[in-house]
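First comes the structure, then the notes that go with it.
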Amino acid sequence: MSDNQQTPTDEPTTRADGGCATAVDVDLSQPIDSGSWYRQLLVVAETEYRLAVRGRWAVALTAIFAAFALGLTTFSGSSVSPEGFERTVASLAVLAVYLVPLVALAFSYDAIVGREESGWLQTLFALPVNRSWLVIGTALGRAVVLASATIIGFGIAGGFLILEYGLSGFDAYVTFLLATVGLGLVFLAIGVFISTVVHEKTHALGIALLIWAWFVLVHDLLGLGLVAAFGLSETAVSAMVLANPTGIFRALVLGTLGAASDAGFATVLADTGLSTGILLGAVLLWIALPLALAALAIRRRRL
C-alpha cells in the first residue's frame, strides 16, 4: 500500500467548537435529505402502530365497538324488513355519535404529553427527525389502529345485520361505517392537538372531556334552542352543522336513511341543502386542521 493512500480510521474528529465527535455523530449532524420526509413519517407511524398493538389498544378498541354494536343490534327489536334495517343502522349511528368520539379522545389525549411525562419526548426531539413529522406520524399510526378497530368492531355487527336482513341495505351500512371512521379520525386529530399544547396529562384529559361534552351534548341542545326560538335561515343551520363534526356525521348517515326525525338536531338536516361533497370536504378539513395546528405547536414546545 502506498504512502499516498488513506486508510480508514476510527479516531474521533475534532469539531469546530473544540469537542470531539465520532463518525456516527458526524453522520447524524448532517442535514436530513429533503426527499426523506416521507421516510421519517412512515417510521414514526409504524413505531406508533406497533406500540399501540403491543399495548393491546387495538384489541380493546375492537372489543368495545363490537360489544356495543352487537348489543344494540341484538336487542333493537326492529322488524325483519328494509325499514327495520334502516332503523337499526340509525340506532347504531346514534350510538356511534356518543361512543366513537369518547373512545377516540381517550386513545389520543396523551399522544404527546404522555411521552413528555414518561421522558421519551426529549429522546424523540433529539433524533434527526422534523418535529412536525413526529406529530403527524404519531397521529397516523394511531389512526390506522382506530380505523381498523372501527371497521372490524362495527363490521362484525354489520355481518349479523346482513345475515338477518339481506343485502338490501348494504350500501347504507357501508356509508355508516365509513362515516364512523371519519368521525373517529376527527376526534383523534383533536385529541392529538390537545396533547400537543398542554403539559400535563390530567389537563389534557379534562379538556378532552369538555370537548366531547360540547360537541356531543351541548352543541345539539343549543342548536335546537336557536332553531326553535329564532327560526334560523338555511345558511345559518348549515353553518351550525358544519361547525360540529357530529352534526356532519348525522347529515351523512341519518339524512341518507331518512331517519332525521329520530335524532334530535338531525330534524333540521333535510333543510340545509348540504351536498355529500361538501360534507366530506368538511370532514377532511376537521381532520387536517387540528393536525396542522399540532404540527405548528410542537415546534414551539419546550420541555
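Heads up, the sequence shown is in the working numbering, so the first residue is 101 and it goes up one at a time.
Virtual Cβ for every residue (Gly too), placed ideally from N, Cα, C.
Residue from the options whose Cα sits closest to the Cα of residue i
i, options, result
"residue 165", "298, 202, 400", "202"
"residue 257", "168, 329, 145, 382", "168"
"residue 190", "335, 394, 344, 277", "277"
"residue 194", "394, 332, 354, 392", "354"
"residue 136", "228, 174, 210", "228"
"residue 210", "332, 249, 330, 296", "296"
"residue 155", "173, 242, 225, 224", "242"
"residue 395", "307, 379, 292", "292"
"residue 398", "344, 298, 343", "298"
"residue 316", "144, 185, 174, 200", "200"
"residue 402", "150, 212, 147", "212"
"residue 244", "335, 347, 332, 162", "162"
"residue 319", "306, 339, 303", "339"
"residue 346", "391, 379, 294, 171", "379"
"residue 305", "207, 198, 158", "207"
"residue 391", "171, 222, 238", "238"
"residue 350", "282, 145, 335", "282"
"residue 261", "172, 303, 147", "172"
"residue 204", "334, 158, 266, 151", "158"
"residue 196", "223, 280, 255, 264", "280"
"residue 186", "224, 214, 150, 266", "266"
"residue 342", "332, 302, 381", "381"
"residue 335", "301, 352, 309, 374", "374"
"residue 284", "301, 220, 254", "254"
Boundaries of the alpha helix (DSSP H) in which residue i is found, first to last residue
i, result
"residue 319", "319-330"
"residue 386", "376-399"
"residue 300", "From DSSP, residue 300 is part of no alpha helix (DSSP H); its letter is neither H nor E."
"residue 347", "345-357"
"residue 337", "334-342"
Any non-hydrogen atom of the ligand HEM within 7 Å of residue i CB
i, result
"residue 300", "Ligands are entirely absent from the displayed structure, and the ligand HEM is therefore not among its contents."
Item to check | Inter-stretch contact (C-beta, 8 Å, three-pair minimum) for the region 137-148 and the region 221-235 | outcome: yes
Checklist entry - Looking at C-beta atoms only, is the number of pairs between the region 284-299 and the region 386-398 that lie closer than 8 Å three or more? => result yes
Checklist entry - For the region 199-260, which segments carrying the alpha helix (DSSP H) assignment without a break, of at least 4 residues, lie completely within its bounds, in sequence order? => result 213-218, 220-226
Checklist entry - What are the uninterrupted segments assigned as alpha helix (DSSP H) that are 4 or more residues long and contained completely in the region 136-182, given in chain order? => result 137-154, 157-175
Checklist entry - Is it true that the region 237-254 meets the region 324-344, where meeting means three or more beta-carbon pairs spaced less than 8 Å apart? => result no
Checklist entry - Within the chosen definition, does the region 339-358 reach the region 263-280 through at least 3 CB pairs nearer than 8 Å? => result yes
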